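K.L.:
Listed in order, the protein sequences are those of chains A and B. Residue 85 in numbering that gives the first Met the number 0 sits at position 86 of the first sequence; the count goes up by one each step and never skips. Residue 89 in numbering that gives the first Met the number 0 sits at position 90 of the second sequence; the count goes up by one each step and never skips. The C-beta atom is built at its ideal place from N, Cα and C for all residues, glycine as well. Quick caveat, the model's predicted, so the values are computed rather than measured. Below you'll find the structure I mean.
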Amino acid sequence: MRFIYLFITSAITIFLCVTLNTHLILPAPLGKLLSPQEGIWQNAEATDMDYSADLHFNALQGQAEVYFDKRLVPHVFAEKETDAYFIQGYLHARFRLWQMELQTLYAAGRISEWVGDIAVDHDREFRRLGMVYAAEQSLKEMEADPLTKSACDAYTAGVNAYIGTLNQSNLPLEYKLLGVQPEKWNNLKSALFLKYMTFDLCGHDNDFGMTNAMNFFNKKDFDLLFPAVQDSLDPIIPKGTVYATPQVHPHAPAMLDSLYYHFKKDSVTVTEVEKPNPENGSNNWAVAGSKTKSGAPILCNDPHLGLNLPSVWYEMQISTPEHNTYGVSFPGAPGIIIGYNDYCAFGFTNGGRDVRDYYEINFKDPSRDAYWFDSAWVKTERRIEHIKIKDKPEILDTVAYTIFGPVMYDGSFAGKTHMNPGKNYAVKWAGHQNSNEFKLFYLLDRAKNYNDYLEASHYLFSPGQNIVFASKNGDIALRTQGRFPAKWEGQGDFIMPGTDSSYLWQDFIPENETPFQYNPERGFVSSANQRPTDTAYHYYLGREYPMPRGIIINRKLNALQDITVRDMMDLQNNNYNVLAEMSVPIILKNIDPIDLNPTARQYLNELSQWKYTYSANDIRPTIYELTWKALYDTVYQDEYQHAPVNTLQPYTSTLIEALLKDSSYHFVDDITTGEVETLPVMMTKAFKKAVATAEKLKSENKLSWGVYQDAHIDHLLKIPSLSTQHLQVNGGANTPNANTSNHGPSWRMIVHLLSETEAYGIYPGGQNGNPGSRFYDDGIAKWTEGKYYPLWMMRIEQSKDQRVKWKMRFSRS
Amino acid sequence: MKTMLSILLMALLSFALCIYLPWWSIAMACYIVSALIRQKRGWAFLSGFVAMFLLWGGMSWWISYKNDHLLAHKISLLILKTDSPIELILLTGCIGAVIGGFAAWSGSFVRPAAK
Numbered sequence: 000m001r002f003i004y005l006f007i008t009s010a011i012t013i014f015l016c017v018t019l020n021t022h023l024i025l026p027a028p029l030g031k032l033l034s035p036q037e038g039i040w041q042n043a044e045a046t047d048m049d050y051s052a053d054l055h056f057n058a059l060q061g062q063a064e065v066y067f068d069k070r071l072v073p074h075v076f077a078e079k080e081t082d083a084y085f086i087q088g089y090l091h092a093r094f095r096l097w098q099m100e101l102q103t104l105y106a107a108g109r110i111s112e113w114v115g116d117i118a119v120d121h122d123r124e125f126r127r128l129g130m131v132y133a134a135e136q137s138l139k140e141m142e143a144d145p146l147t148k149s150a151c152d153a154y155t156a157g158v159n160a161y162i163g164t165l166n167q168s169n170l171p172l173e174y175k176l177l178g179v180q181p182e183k184w185n186n187l188k189s190a191l192f193l194k195y196m197t198f199d200l201c202g203h204d205n206d207f208g209m210t211n212a213m214n215f216f217n218k219k220d221f222d223l224l225f226p227a228v229q230d231s232l233d234p235i236i237p238k239g240t241v242y243a244t245p246q247v248h249p250h251a252p253a254m255l256d257s258l259y260y261h262f263k264k265d266s267v268t269v270t271e272v273e274k275p276n277p278e279n280g281s282n283n284w285a286v287a288g289s290k291t292k293s294g295a296p297i298l299c300n301d302p303h304l305g306l307n308l309p310s311v312w313y314e315m316q317i318s319t320p321e322h323n324t325y326g327v328s329f330p331g332a333p334g335i336i337i338g339y340n341d342y343c344a345f346g347f348t349n350g351g352r353d354v355r356d357y358y359e360i361n362f363k364d365p366s367r368d369a370y371w372f373d374s375a376w377v378k379t380e381r382r383i384e385h386i387k388i389k390d391k392p393e394i395l396d397t398v399a400y401t402i403f404g405p406v407m408y409d410g411s412f413a414g415k416t417h418m419n420p421g422k423n424y425a426v427k428w429a430g431h432q433n434s435n436e437f438k439l440f441y442l443l444d445r446a447k448n449y450n451d452y453l454e455a456s457h458y459l460f461s462p463g464q465n466i467v468f469a470s471k472n473g474d475i476a477l478r479t480q481g482r483f484p485a486k487w488e489g490q491g492d493f494i495m496p497g498t499d500s501s502y503l504w505q506d507f508i509p510e511n512e513t514p515f516q517y518n519p520e521r522g523f524v525s526s527a528n529q530r531p532t533d534t535a536y537h538y539y540l541g542r543e544y545p546m547p548r549g550i551i552i553n554r555k556l557n558a559l560q561d562i563t564v565r566d567m568m569d570l571q572n573n574n575y576n577v578l579a580e581m582s583v584p585i586i587l588k589n590i591d592p593i594d595l596n597p598t599a600r601q602y603l604n605e606l607s608q609w610k611y612t613y614s615a616n617d618i619r620p621t622i623y624e625l626t627w628k629a630l631y632d633t634v635y636q637d638e639y640q641h642a643p644v645n646t647l648q649p650y651t652s653t654l655i656e657a658l659l660k661d662s663s664y665h666f667v668d669d670i671t672t673g674e675v676e677t678l679p680v681m682m683t684k685a686f687k688k689a690v691a692t693a694e695k696l697k698s699e700n701k702l703s704w705g706v707y708q709d710a711h712i713d714h715l716l717k718i719p720s721l722s723t724q725h726l727q728v729n730g731g732a733n734t735p736n737a738n739t740s741n742h743g744p745s746w747r748m749i750v751h752l753l754s755e756t757e758a759y760g761i762y763p764g765g766q767n768g769n770p771g772s773r774f775y776d777d778g779i780a781k782w783t784e785g786k787y788y789p790l791w792m793m794r795i796e797q798s799k800d801q802r803v804k805w806k807m808r809f810s811r812s
Numbered sequence: 000m001k002t003m004l005s006i007l008l009m010a011l012l013s014f015a016l017c018i019y020l021p022w023w024s025i026a027m028a029c030y031i032v033s034a035l036i037r038q039k040r041g042w043a044f045l046s047g048f049v050a051m052f053l054l055w056g057g058m059s060w061w062i063s064y065k066n067d068h069l070l071a072h073k074i075s076l077l078i079l080k081t082d083s084p085i086e087l088i089l090l091t092g093c094i095g096a097v098i099g100g101f102a103a104w105s106g107s108f109v110r111p112a113a114k
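Laid out in structure tokens, this is it:
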């Protein structure tokens with residue numbers, strides 16, 4: 000009898016253990032997760048945790064010290080260059096490993112391994128875009144250069160040294176939540192991370208949406224909806240600049256009108272799964288000593304990216320006998336990306352040129368073995384992608400490679416909607432070039448003067464960036480850098496025929512024809528993702544650039560004299576919307592208050608007194624945005640109602656400029672009615688609609704801009720309790736302080752290049768990626784208020800300074 | 000007295016085993032101690048239950064207290080859908096307790112019951 004009981008109770012115990020150790024019955028292995036010795040409790044860092052350590056590794060060449068300040072920013076002092084990168088890798092992994100791995104799995108199209116088949120479309124699309132292929136091309140270049148190879152090797156060794164210390168207990172929290180284990184780091188992963196940034200920054204082309212628009216509208220309407228250059232543009236390189244005679248002359252193929260421009264053809268393309276956020280952009284500028292109070296240049300940069308926790312940035316100082324650099328780094332890649340050294344400062348904004356084009360491929364048969372090109376059948380190359388899926392068998396995806404690049408969409412993969420239009424599209428992407436962007440950062444971190452900056456810039460192929468520079472000897476400069484195809488007018492705006500070599504990219508714009516400014520007379524250089532030049536530049540630049548931030552920044556910089564750091568902080572936090580300045584008068588001019596009820600009249604009155612500033616506690620930005628959105632919808636909805644799903648819509652600024660030019664803009668008329676509606680009729684209608692929405696928002700206490708915008712910084716897994724929600728932030732999409740609900744200034748930096756550098760910076764996050772740490776999100780509150788931390792370029796003799804809180808010593812074992 | 004000793008030994012052995020082995024080795028600890036120290040079956044169950052409740056509940060409370068309950072707030076919202084560190088700590092204690100109780104109970108059947 001006893002043995003029966005023994006058997007039964009043992010069985011129950013084993014059953015309980017299995018249940019609580021797996022997700023066979025419970026949604027999560029609760030026993031494993033909540034075990035105080037190996038579960039999530041181990042990630043609850045004591046608030047007075049001591050980060051100091053004495054560490055020994057074989058791979059080190061010499062001795063190194065890392066001093067952490069009270070924000071957990073490491074100041075690395077290494078005797079050997081490679082040791083500095085080893086330590087950077089170690090620290091990135093120590094504080095951000097899970098994020099690093101997530102981002103590289105995402106880049107490699109392997110995210111299904113962690114989250115299951117919901118990510119299969121993403122994984123297939125990224126594989127088919129050739130993300131891994133692109134990273135492999137980069138890796139070859141990077142490993143061919145001894146400097147970048149040794150830096151990346153040391154970085155990888157540092158990451159793996161940390162991974163080697165991990166066990167189930169000290170595994171980062173998210174690995175426990177997902178039930179996955181870290182894999183070893185390698186140089187390819189670093190290359191993949193940079194390719195992810197390349198995708199994020201220059202994968203926002205709208206070739207499919209544009210092609211659908213072309214197929215749907217006639218040429219005249221299309222040109223009205225998508226003008227090549229905005230009237231109010233203030234380009235990065237000022238208007239009136241004279242450009243040298245071009246060395247490259249791209250030739251447009253014959254019979255473009257019948258073979259390429261398919262206006263009103265009613266054909267439909269696919270829809271992409273992943274599209275980078277169209278707001279990805281940034282501001283940067285540098286003012287010369289002639290315009291500053293101190294007489295020393297000031298450089299500013301605030302890259303606008305998706306805001307997440309853990310942050311995309313990790314702040315640090317790296318000091319070796321060869322260089323001493325402070326700034327933000329990407330967990331996943333060696334070096335400082337945006338920052339300053341003892342001689343100069345540097346920063347980036349996105350160039351935004353269209354460097355991804357699609358070609359329609361005619362395959363001989365469904366095997367995709369051959370395609371028609373220049374009047375012959377040409378063999379494709381095959382790459383078989385193995386996509387592993389959590390809890391499911393792996394799937395194989397065969398991708399055909401053509402002379403253009405991989406065939407991204409075809410019979411077996413038709414993008415987001417899975418609606419196969421029976422077409423095959425190969426992608427040609429600048430990201431596939433063999434380039435070594437690691438060298439750019441390697442050299443910038445060590446740049447001492449303008450020539451060093453030029454030499455460094457040379458290594459940036461893609462993503463194309465506007466690189467700003469300022470140095471202590473007084474130089475300021477900005478280059479609209481990148482390796483860009485020299486395109487004939489209109490090339491790549493739409494899907495091109497893949498049967499004809501004359502549609503290939505013919506050549507690249509020579510580097511010495513890069514538009515740039517070096518110590519311009521106006522005393523400043525600036526960029527905010529607007530079109531780099533006016534139409535005087537001889538090369539075709541595509542049609543999609545946002546212009547409003549550039550206008551206000553240049554206006555302010557032109558007006559300011561005796562500039563101080565305070566002025567620059569104010570400009571980075573400037574909440575003025577040029578588009579509102581242009582369009583509110585149109586609203587006021589076209590509404591007769593007599594047609595409104597007293598409530599609406601009150602709102603109109605409020606709007607008329609607004610100075611176009613997006614403050615979180617003001618209701619007027621909300622009223623304006625609601626009104627213009629309602630107008631935009633009433634103007635275009637009727638024309639677009641039968642358009643295919645993925646048809647590009649015009650920029651808001653396009654409607655504004657059109658109405659300023661022509662109040663009888665024909666899109667205003669509602670084509671679904673018999674009458675001809677005028678702008679006052681439509682504007683009044685739109686305003687009444689906006690007022691109705693505003694009244695509803697008001698009753699819910701959601702009318703003020705900050706509440707309406709409802710900014711949040713999400714954890715990368717979108718787990719609400721690990722995210723920061725309902726932030727009250729100033730600014731909007733088109734203000735220099737470019738905040739939208741989950742996107743905005745990811746790092747604000749100001750560097751005043753006095754003989755003793757004075758620098759400020761902040762990012763919305765914290766140094767420690769562990770949600771159980773007090774350093775997880777400690778920067779957010781101050782960032783929200785538009786305040787800054789002083790950045791401390793520590794010197795080794797300050798090791799006893801009271802700002803030093805912890806110390807890690809690295810030495811050879 | 001035997002119960003007190005059992006509780007103490009179960010907690011100590013569980014703690015020690017978990018340094019080297021996965022979390023479910025607490026079941027082994029309670030089973031072994033319960034097989035070695037003869038008690039009435041009910042008392043054996045209670046010993047395992049109380050030992051693991053105190054060990055898991057106590058450890059998680061101490062860790063969470065040192066952490067200002069930062070993580071417990073977040074994880075309780077995730078798992079329990081309510082912002083309550085103490086409930087997460089109690090849940091942790093209860094999970095340990097149930098395993099400990101059943102393991103100790105089954106361990107008590109290894110030998111004839113104490114009179």
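#1: Under the DSSP definition of a beta bridge, which residues are partnered with M196(A)?
#2: When the cut-off is 8 Å and only beta carbons count, does S34(A) lie next to chain B?
#3: Could you pull the start and end residues of the alpha helix (DSSP H) that T633(A) belongs to?
#4: How would you list, in chain order, the residues of chain A whose beta-carbon sits under 9 Å from the beta-carbon of L90(B)?
#5: Under 8 Å between the Cβ atoms of A52(A) and A63(A)?
#6: Straight-line CA distance for L104(A) to C151(A)?
#7: Looking only at its chain, what residues have a beta carbon closer than 7 Å to the beta carbon of S582(A), apart from the 5 residues adjacent to it on each side?
#8: Does the beta-carbon of Y19(B) have 16 or more other beta-carbons within 10 angstroms, so that it is buried, or is it exposed?
#9: Using the Cα positions of K486(A) and E796(A), report the straight-line distance between them to the nearest angstrom.
#10: Identify the contact partners of S9(A) in chain B, using a Cβ-Cβ distance below 7 Å as the criterion.
#11: Please state if the CB of P330(A) and the CB of R95(A) are separated by a distance shorter than 8 Å.
#12: Out of I494(A), F493(A) and Y449(A), state which residue places its alpha-carbon closest to the alpha-carbon of N472(A).
#13: What is the C-beta distance between F192(A) and A106(A), in whole angstroms, given that I count them as a contact (C-beta under 8 Å)?
#14: The alpha helix (DSSP H) with G743(A) in it runs from where to where?
#15: Please list, in chain order, the chain B residues whose beta carbon lies closer than 7 Å to that of P770(A).
#16: Once DSSP output is grouped into helix, strand and coil, what is the label at W376(A)?
#17: Against E173(A), what residues of chain B qualify as contacts under a CB-to-CB distance less than 9 Å, listed in chain order?
#18: Got a sec: is the Cβ-Cβ distance from I718(A) to anything in chain B below 8 Å?
#19: Using a Cβ-Cβ cutoff of less than 7 Å, which residues in the same chain neighbour G99(B) once the five nearest sequence positions on both sides are dropped?
#20: Between the Cα of W704(A) and those of N589(A), V577(A), C343(A) and I622(A), spot the shortest distance and give me the residue it belongs to.
#21: Relative to the C-alpha of I74(B), which residue among N645(A), I718(A) and R802(A) is closest?
#22: If we ignore side chains and look at the alpha-carbon of each, how far apart do Q801(A) and G463(A) end up?
#23: Tell me the rounded alpha-carbon separation between L570(A) and N769(A).
#24: Compare the C-alpha of I6(B) against each of W22(B), I88(B), W23(B) and I31(B) and name the closest.
#25: Excluding the five sequence neighbours on either side, which residues of its own chain have a C-beta within less than 8 Å of the C-beta of Q180(A), listed in chain order?
#26: Jot down the residue ranges of each uninterrupted alpha helix (DSSP H) in the stretch 58-119 of chain A, minimum 4 residues, whole runs only, in chain order.
#27: Counting only Cβ pairs nearer than 9 Å, list the residues of chain A close to A102(B).
#28: Using C-beta distances below 6 Å, list every residue in its chain close to D637(A), excluding the 5 sequence neighbours before and after it, in chain order.
#29: Where does F347(A) fall in DSSP's three states?
#30: Can you name the start and end residues of the beta strand (DSSP E) that W104(B) belongs to?
#31: Is the shortest distance between the beta-carbon of W40(A) and the beta-carbons of chain B less than 8 Å?
#32: By the criterion of Cβ-Cβ separation under 7 Å, what are the contact partners of R1(A) in chain B?
#33: Mind listing the chain B neighbours of N20(A)? Cutoff is C-beta to C-beta under 8 Å, in chain order.
#34: Could you check where the beta strand (DSSP E) with S810(A) kicks off and where it finishes?
P.N.:
Once the coordinates are examined:
#1: In DSSP, M196(A) forms no bridge with anything.
#2: Yes, contact with chain B.
#3: Looking at the DSSP string, the run of the alpha helix (DSSP H) that includes T633(A) is R619 to Y639.
#4: The contacting residues are L29 and L33.
#5: In this structure, A52(A) lies away from A63(A), with their beta-carbon atoms at least 8 Å apart.
#6: Approximately 18 Å, taken between the alpha carbons.
#7: Only W627 and I655 meet the Cβ criterion.
#8: Around the beta carbon of Y19(B), a 10 Å sphere encloses fewer than 16 other beta carbons of the protein chains shown; the residue is thus reported as exposed.
#9: A direct Cα-to-Cα measurement between K486(A) and E796(A) gives close to 54 Å.
#10: By Cβ distance, chain B contributes S105.
#11: Contact: yes.
#12: Residue nearest to N472(A) within the set I494(A), F493(A) and Y449(A) is Y449(A) (criterion: CA-CA distance).
#13: That belief holds up - the Cβ atoms of F192(A) and A106(A) are roughly 6 Å apart, short of 8 Å.
#14: Per DSSP, G743(A) belongs to no alpha helix (DSSP H); it is in the beta strand (DSSP E), H742 to P744.
#15: Within 7 Å of the CB of P770(A), the CB atoms of chain B belong to L70 and K73, in sequence order along the chain.
#16: If DSSP states are grouped into helix, strand and coil, W376(A) belongs with the strands.
#17: Per Cβ cutoff of 9 Å: no residues; E173(A) is ~11 Å from chain B at best.
#18: By this cut-off, I718(A) is an interface position.
#19: A distance below 7 Å between beta-carbons, with the five flanking residues on each side excluded, links G99(B) to the following residues of its chain, in chain order: M9, I25, C29, G47, F48, A50 and M51.
#20: In terms of CA proximity to W704(A), I622(A) leads the group N589(A), V577(A), C343(A) and I622(A).
#21: Taking only the C-alpha atoms, the option nearest I74(B) is I718(A).
#22: Roughly 42 Å between the two C-alpha positions.
#23: When rounded, the distance between both Cα atoms is 33 Å.
#24: Of all alpha-carbon atoms in W22(B), I88(B), W23(B) and I31(B), the one lying nearest the alpha-carbon of I6(B) is that of I31(B).
#25: If the five residues before and after Q180(A) are omitted, its C-beta is found closer than 8 Å to the C-beta atoms of L170 and Y174, all from its own chain and listed in chain order.
#26: Runs of the alpha helix (DSSP H) inside the stretch 58-119 of chain A: 80-106 and 111-114.
#27: Ordered by position in chain A, the residues that pass the 9 Å Cβ test against A102(B) are T8, S9, T12, L15 and C16.
#28: Taken in chain order, the residues that qualify are D669, I670 and T671.
#29: Looking at F347(A) - three-state DSSP - the assignment turns out to be strand.
#30: Not the beta strand (DSSP E): W104(B) falls in the alpha helix (DSSP H), residues P84 to S107.
#31: Answer yes: the Cβ-Cβ gap between W40(A) and chain B drops below 8 Å somewhere.
#32: Chain-order list of chain B residues neighbouring R1(A): F108 and P111, by C-beta distance under 7 Å.
#33: Going along chain B in sequence order, the residues near N20(A) (Cβ under 8 Å) are P21, W22 and W23.
#34: The continuous beta strand (DSSP E) containing S810(A) extends over residues W805 to R811.
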